[in-house]
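What follows is a single structure, written as structure tokens, with notes after it.
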Amino acid sequence: VGGGGAAVLTLLSEFGERDGFVGVVKGVLLRGCPEARIIDLSHEVAPQDVMEGALVLASAVRYFPPRTIHLAVVDPCVGSGRRPLLVETDDYVLIGPDNGLLSLAAKASPIRKVIHLDRPQYFLATPSQTFHARDVFAPVAAHWARGVPSTDLGTTIDDFTRLELPAIRRIEGSIEGRMIHVDRFGNLICNIQQEDLRDFRAEDLSVSIGGVQIRGLSPHYAAVGEGKPLALWNSWGLLEVAVRNSSAARVLRVRSGDRVQVRVQGRRG
Amino acid sequence: VGGGGAAVLTLLSEFGERDGFVGVVKGVLLRGCPEARIIDLSHEVAPQDVMEGALVLASAVRYFPPRTIHLAVVDPCVGSGRRPLLVETDDYVLIGPDNGLLSLAAKASPIRKVIHLDRPQYFLATPSQTFHARDVFAPVAAHWARGVPSTDLGTTIDDFTRLELPAIRRIEGSIEGRMIHVDRFGNLICNIQQEDLRDFRAEDLSVSIGGVQIRGLSPHYAAVGEGKPLALWNSWGLLEVAVRNSSAARVLRVRSGDRVQVRVQGRRG
Amino acid sequence: VGGGGAAVLTLLSEFGERDGFVGVVKGVLLRGCPEARIIDLSHEVAPQDVMEGALVLASAVRYFPPRTIHLAVVDPCVGSGRRPLLVETDDYVLIGPDNGLLSLAAKASPIRKVIHLDRPQYFLATPSQTFHARDVFAPVAAHWARGVPSTDLGTTIDDFTRLELPAIRRIEGSIEGRMIHVDRFGNLICNIQQEDLRDFRAEDLSVSIGGVQIRGLSPHYAAVGEGKPLALWNSWGLLEVAVRNSSAARVLRVRSGDRVQVRVQGRRG
Chain A
13 VGGGGAAVLT LLSEFGERDG FVGVVKGVLL RGCPEARIID LSHEVAPQDV MEGALVLASA
73 VRYFPPRTIH LAVVDPCVGS GRRPLLVETD DYVLIGPDNG LLSLAAKASP IRKVIHLDRP
133 QYFLATPSQT FHARDVFAPV AAHWARGVPS TDLGTTIDDF TRLELPAIRR IEGSIEGRMI
193 HVDRFGNLIC NIQQEDLRDF RAEDLSVSIG GVQIRGLSPH YAAVGEGKPL ALWNSWGLLE
253 VAVRNSSAAR VLRVRSGDRV QVRVQGRRG
Chain B
13 VGGGGAAVLT LLSEFGERDG FVGVVKGVLL RGCPEARIID LSHEVAPQDV MEGALVLASA
73 VRYFPPRTIH LAVVDPCVGS GRRPLLVETD DYVLIGPDNG LLSLAAKASP IRKVIHLDRP
133 QYFLATPSQT FHARDVFAPV AAHWARGVPS TDLGTTIDDF TRLELPAIRR IEGSIEGRMI
193 HVDRFGNLIC NIQQEDLRDF RAEDLSVSIG GVQIRGLSPH YAAVGEGKPL ALWNSWGLLE
253 VAVRNSSAAR VLRVRSGDRV QVRVQGRRG
Chain C
13 VGGGGAAVLT LLSEFGERDG FVGVVKGVLL RGCPEARIID LSHEVAPQDV MEGALVLASA
73 VRYFPPRTIH LAVVDPCVGS GRRPLLVETD DYVLIGPDNG LLSLAAKASP IRKVIHLDRP
133 QYFLATPSQT FHARDVFAPV AAHWARGVPS TDLGTTIDDF TRLELPAIRR IEGSIEGRMI
193 HVDRFGNLIC NIQQEDLRDF RAEDLSVSIG GVQIRGLSPH YAAVGEGKPL ALWNSWGLLE
253 VAVRNSSAAR VLRVRSGDRV QVRVQGRRG
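Residue numbers (the working numbering), protein chains in the order written: chain A, 13 to 281; chain B, 13 to 281; chain C, 13 to 281.
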């Protein structure tokens, strides 16, 4: 069953803040569910960058109240055949296009149902083919928030598009990863997770990136001198390279997709 | 009469997100009307660009709950003689400076009253001459939201400043328009409306812009190959030129104000 | 005692809008205090610019309802020794790192208590060392909002880090200040306050900046011709230099830290 009138809804999109697109989506949500609490996750996902949107969404879902609805729209194929989707998990509900955007977040809680949103009676009348956030996803989210069961909103399906982070490569004595996100500070976030290196001590690791070598992991950003590079486990649980009080992306001339190598220098911990 | 305590208020401005201007306006709104639901439309309207603000506002108003208050401030002449205004329509209320900003949105619903907000007892004490959003418009909006009738808030007037979209030109066999907005994606939006071309079939039209010719209109962005230009009716009901998964503004080197031409190539539908 | 369930909370940070950091902080706040009203002040404070954050916060606090909680995080030394702080004043509560960020806002209302937030039972379990907004400050703010007394949340202390605006210099017949903030419009805001010049008439003053001299203060931005420079008392009560319908920072090639001189040309008023 739905979340009741005081549902929390989050929004994530590639819409930016300039053109009123996000505000209009919120208008539709409030018209359908006047009590909804609406929280912005990000609207500055790079246009068409489904992976970036999937990462930001996955980093956020665990911090919201139970039964929160996460509406996410990075949707380069809006209006074409791609399916509109609702994924109900034990802890939250994900609504958005079936292009992988929801799939990283869907891993973090057991999936109850996957619904193909194919019932136009829950959309705005005469939906456009270019703005499904407004015309399809927001009305459906409002219906769910007000208690319409998922199975009424569409057809139960088994499969949906899943994205995977690029795999890390384990080469004798080292792990090779890739930068997958550059954050607002210019911090470089890669696909190496804390559990990938759980057998090793932080002080035995050495991180190579953009021509520099960083020995050991730091506990926080202020553990090295001004302008010096450091590596740490970040707040998403991923390996991050930063430059103190500066932008690692700019200083090290590294960007999303570039390689990073972690070598083990000491003995196993 | 006003909207009651749980009024929905939207905000549109040129204030940006850096300096706390928008937050302060919200503080004043909440002080005056603690139950107000406040939604941002855009605060990234280009500084002093009244037309851009008017377009974004007009595209949004129909999607909000009845009796929503839209507070809009793009206000290069703040503090000078320009009047502060409240326009009450059958469906919503518009509050902002009398410089045309409200006028495109005011077209979409029958106007009940136009009020010159000339009663300082509804402003903050000792209002500044540089920040009327905070000192004049927000307090008035909160009073209206709490039920103060429009006619108490100022003097009823008949006229106010109206903006018009630049007119299209019909030349034998073609229509000439102008680009009026470039959105976040670099999509180019012009002043040609769907009804301007209602006599013709989408497949008979040809759009010339920035040295390229686009044959036919597409139903959505994914209807052409990666990097190819397309034209479509966008979510505002206006003709838009896009480049798939890229920025039409950058690829075609077109900007706001540039001409676009639509030719009819086939016979009438 | 705390603010009750319907507390108003504001957020100010250096987090930007892209990475979901702000949304996650709001999720934690709503989990702890479902009725909280959350307002963004700014998340575009320049990374690590504690002074800019302190200025924006100080300009805003007086406009919010009584007992508002202001959560502010510009925190280059997160995870190191710097203390997490709660400052309770007669009018509002400030929560953030002890690096001066809260200190300008703390001047505007009598301080009741300063609390070192040293009780992990009020944090998220296993807080990170890189994201205290999410793991420390938001949970504490939610506890305060729900009525946990300040003195339960940590240890009362006497001192905390205070920032001061750079001092103005009074030289025979003139006052020298410094630009301390460039706002979204490119307006240049300096450290000279209205009371610093209370003995003089606006028309007797002359402002020198970036090689130009501006005679007299204007009441508002539209008091000079298009593209002309002007000086005025801005909405923060500080001396500001603007260029009508343009960016003073760009036109005058002035930036934060640059000097500005005010000379008195006429006789005292």
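Cβ atoms here follow ideal geometry from the backbone N, Cα and C, with glycine treated the same way.
These numbers come from a predicted model, not from an experiment.
Where Val224 (chain A) sits in the DSSP three-state scheme: Numbered from 1 along the first sequence, position 212 holds the residue referred to as residue 224 (chain A). Residue state, collapsed to three classes: strand.
Nearest chain A C-beta to Thr282 (chain C) closer than 8 Å, yes or no? Any answer about residue 282 (chain C) is impossible in this case: the structure gives chain C only from 13 up to 281.
Where Ser268 (chain A) and Val194 (chain A) are concerned, what is the direct C-alpha to C-alpha distance, given to the nearest angstrom? Your numbering for residue 268 (chain A) matches position 256 in the first sequence. Your numbering for residue 194 (chain A) matches position 182 in the first sequence. Separation of Ser268 (chain A) and Val194 (chain A) (C-alpha to C-alpha, rounded to the nearest whole angstrom) is 6 Å.
Rounded to whole angstroms, what's the CA-CA distance from Glu29 (chain C) to Gly28 (chain A)? Just pull it up for me. Taking the first residue of the third sequence as 1, we reach residue 29 (chain C) at position 17. Taking the first residue of the first sequence as 1, we reach residue 28 (chain A) at position 16. Spanning the two alpha carbons is a distance of roughly 10 Å.
Give the residues of chain B in contact with Phe33 (chain C), contact being defined as C-beta atoms less than 9 Å apart. Sequence index remark: in the third sequence, residue 33 (chain C) carries index 21 (1-based). Residues of chain B passing the Cβ test: none, with the nearest at roughly 14 Å.
Give me the chain A residues within the contact set of Asp52 (chain B), using Cβ-Cβ distance strictly less than 7 Å, ordered along the chain. On the second sequence, residue 52 (chain B) is found 40 positions in, with the first residue counted as 1. Think of a sphere of 7 Å around the beta carbon of Asp52 (chain B): the chain A residues whose beta carbon falls inside it are Gly35, in chain order.
Run through chain B and tell me which residues come within less than 9 Å of Leu42 (chain A), C-beta to C-beta. On the first sequence, residue 42 (chain A) is found 30 positions in, with the first residue counted as 1. What Leu42 (chain A) touches in chain B: Val20, Arg49, Ile51, Phe76, Pro77 and Thr80.
Is Pro11 (chain B) helix, strand or coil by DSSP? The question about residue 11 (chain B) has no answer here: the residues shown for chain B are numbered 13 through 281.
Have a look at B:Ile221, B:Glu238 and B:Leu242 and flag the residue whose alpha-carbon is nearest the alpha-carbon of Gly228 (chain B). One-based indexing of the second sequence puts residue 228 (chain B) at position 216. Per the C-alpha coordinates, the member of B:Ile221, B:Glu238 and B:Leu242 positioned closest to Gly228 (chain B) is B:Leu242.
Chain A within 8 Å of Gly269 (chain C), Cβ atoms only: On the third sequence, residue 269 (chain C) is found 257 positions in, with the first residue counted as 1. Interface criterion not met: the Cβ of Gly269 (chain C) is under 8 Å from no Cβ in chain A.
Closer than 8 Å between beta carbons: that is the criterion. Which residues of the region 148-178 of chain C meet it against chain A? Under the 8 Å Cβ criterion, the region 148-178 of chain C contributes no residue.
Answer yes if the region 217-228 of chain A comes into contact with the region 112-131 of chain C, meaning at least three C-beta pairs across the two stretches below 8 Å, and no otherwise. Touching, no, given that fewer than three Cβ pairs across the two stretches are closer than 8 Å.
For Val68 (chain A), which residues from the same chain have a beta carbon less than 7 Å from its beta carbon, with the 5 sequence-adjacent residues on both sides left out? Numbered from its first residue, the first sequence carries residue 68 (chain A) at position 56. Same-chain partners within the cutoff: Leu24, Leu53, Ser54 and Val57.
Val68 (chain A) touches chain B at which residues, Cβ-Cβ below 9 Å? For the purposes of this step, residue 68 (chain A) is taken as residue 56 along the first sequence, with counting starting at 1. Ordered by position in chain B, no residue passes the 9 Å Cβ test against Val68 (chain A), which lies about 17 Å from the chain.
Give me the Cα-Cα distance between Glu26 (chain A) and Ala153 (chain B), rounded to the nearest whole angstrom. Translated into the one-based positions of the first sequence, residue 26 (chain A) becomes position 14. Translated into the one-based positions of the second sequence, residue 153 (chain B) becomes position 141. Going from the Cα of Glu26 (chain A) to the Cα of Ala153 (chain B) covers about 31 Å.
Against chain C, does Ser259 (chain B) count as a neighbour if the rule is that its beta carbon must be under 8 Å from one of theirs? Reading the second sequence from its first residue, position 247 is the one you call residue 259 (chain B). Closer than 8 Å: no.
Secondary structure of Val274 (chain B), DSSP reduced to three states: Locating residue 274 (chain B) in the second sequence gives position 262, counting from the first residue. Three-state result, Val274 (chain B): strand.
Cβ of Val86 (chain B) less than 8 Å from any chain C Cβ? To locate residue 86 (chain B), count along the second sequence from 1; it is residue 74. It does not: the Cβ of Val86 (chain B) has no partner Cβ on chain C nearer than 8 Å.
Quick check: the region 60-75 of chain B against the region 90-103 of chain C, are there 3 or more CB pairs under 8 Å? With the cut-off at 8 Å, the region 60-75 of chain B and the region 90-103 of chain C do not touch.
Nonlocal neighbours in the same chain, by C-beta distance under 6 Å from Thr22 (chain B), ignoring five residues either side: Translated into positions along the second sequence, residue 22 (chain B) becomes position 10. Correct list, in chain order: Ile51, Leu53 and His82.
Host alpha helix (DSSP H) of Lys38 (chain C) (start-end): Mapped onto the third sequence, residue 38 (chain C) falls at position 26. Phe33 to Gly44 is the span of the alpha helix (DSSP H), which, as asked, contains Lys38 (chain C).
Flag Leu98 (chain B) as yes if its beta-carbon sits less than 8 Å from any beta-carbon of chain A, otherwise no. Position 86 of the second sequence, counted from the first residue, corresponds to residue 98 (chain B). Any Cβ of chain A closer than 8 Å to the Cβ of Leu98 (chain B) would place that residue at the interface, and such an atom is absent.
How about the region 159-168 of chain C and the region 230-248 of chain C: do they share at least three Cβ pairs that are nearer than 8 Å? Look at the beta carbons and you see the region 159-168 of chain C not touching the region 230-248 of chain C: under three pairs across the two are nearer than 8 Å.
When we look at the beta-carbon of Arg182 (chain B) and count the other beta-carbons within 10 Å, is it buried (16 or more) or exposed? Translated into the one-based positions of the second sequence, residue 182 (chain B) becomes position 170. Burial call: exposed.
Beta-carbon neighbours of Glu184 (chain B), restricted to chain C and to distances below 8 Å: For the purposes of this step, residue 184 (chain B) is taken as the residue at position 172 of the second sequence. Glu184 (chain B) does not reach chain C, its nearest Cβ partner there being about 39 Å away, counting only Cβ pairs nearer than 8 Å.
Could you work out which residues of chain C lie near Glu64 (chain B), taking near to mean beta carbons separated by less than 9 Å? Numbered from its first residue, the second sequence carries residue 64 (chain B) at position 52. Among the residues of chain C, none has a CB under 9 Å from the CB of Glu64 (chain B); the nearest is roughly 14 Å distant.
Helix, strand or coil for Leu21 (chain B), going by three-state DSSP, please let me know. Locating residue 21 (chain B) in the second sequence gives position 9, where the first residue counts as 1. Correct three-state label for Leu21 (chain B): strand.
Which whole-angstrom value is the C-beta distance of Val20 (chain A) and Thr80 (chain A), which I expect to be below 8 Å? As a first step, residue 20 (chain A) must be located in the first sequence, where it is residue number 8. As a first step, residue 80 (chain A) must be located in the first sequence, where it is residue number 68. Confirmed, Cβ separation roughly 4 Å.
When the cut-off is 8 Å and only beta carbons count, does Asn246 (chain C) lie next to chain B? As a first step, residue 246 (chain C) is located in the third sequence; it is residue number 234 there, counting from the start. Any Cβ of chain B closer than 8 Å to the Cβ of Asn246 (chain C) would place that residue at the interface, and such an atom is present.
How about Ser140 (chain C) and Gln273 (chain C): do their beta carbons lie closer than 8 Å? Taking the third sequence and counting its residues from 1, one reaches residue 140 (chain C) at position 128. Taking the third sequence and counting its residues from 1, one reaches residue 273 (chain C) at position 261. Result no, Cβ atoms of Ser140 (chain C) and Gln273 (chain C) do not sit closer than 8 Å.
Cutting at 7 Å between CB atoms, please list the residues of its own chain near Ile123 (chain A), excluding the five before and the five after it. Stepping through the first sequence from its first residue, residue 123 (chain A) is reached at position 111. These residues qualify, in order along the chain: Val99 and Thr101.
Could you check which residue in C:Lys119, C:Val148 and C:Met191 has the C-alpha nearest to that of Glu252 (chain C)? Residue 252 (chain C) sits at position 240 when you count from the first residue of the third sequence. Ranked by how close their Cα comes to the Cα of Glu252 (chain C), the residues C:Lys119, C:Val148 and C:Met191 have C:Met191 in first place.
Min CB distance Glu56 (chain A) to chain C below 8 Å: As a first step, residue 56 (chain A) is located in the first sequence; it is residue number 44 there, counting from the start. With its beta carbon less than 8 Å from one in chain C, Glu56 (chain A) belongs to the interface.
Enclosing beta strand (DSSP E) for His155 (chain B) [first to last residue]: Indexing the second sequence from 1 puts residue 155 (chain B) at position 143. Residue range Ala150 to Ala157 is occupied by the alpha helix (DSSP H) that includes His155 (chain B), with no beta strand (DSSP E) assigned at that position.
Name the chain A residues whose beta carbon is nearer than 9 Å to that of Arg30 (chain B)? The count along the second sequence starts at 1 and reaches residue 30 (chain B) at position 18. Against chain A, the beta carbon of Arg30 (chain B) has no neighbour under 9 Å; the closest one sits roughly 12 Å away.
Can the beta-carbon of Gly32 (chain B) be found closer than 8 Å to that of Pro151 (chain B)? Within the second sequence, residue 32 (chain B) is the residue found at index 20, counting from 1. Within the second sequence, residue 151 (chain B) is the residue found at index 139, counting from 1. If you check the CB distance, Gly32 (chain B) and Pro151 (chain B) do not come in under 8 Å.
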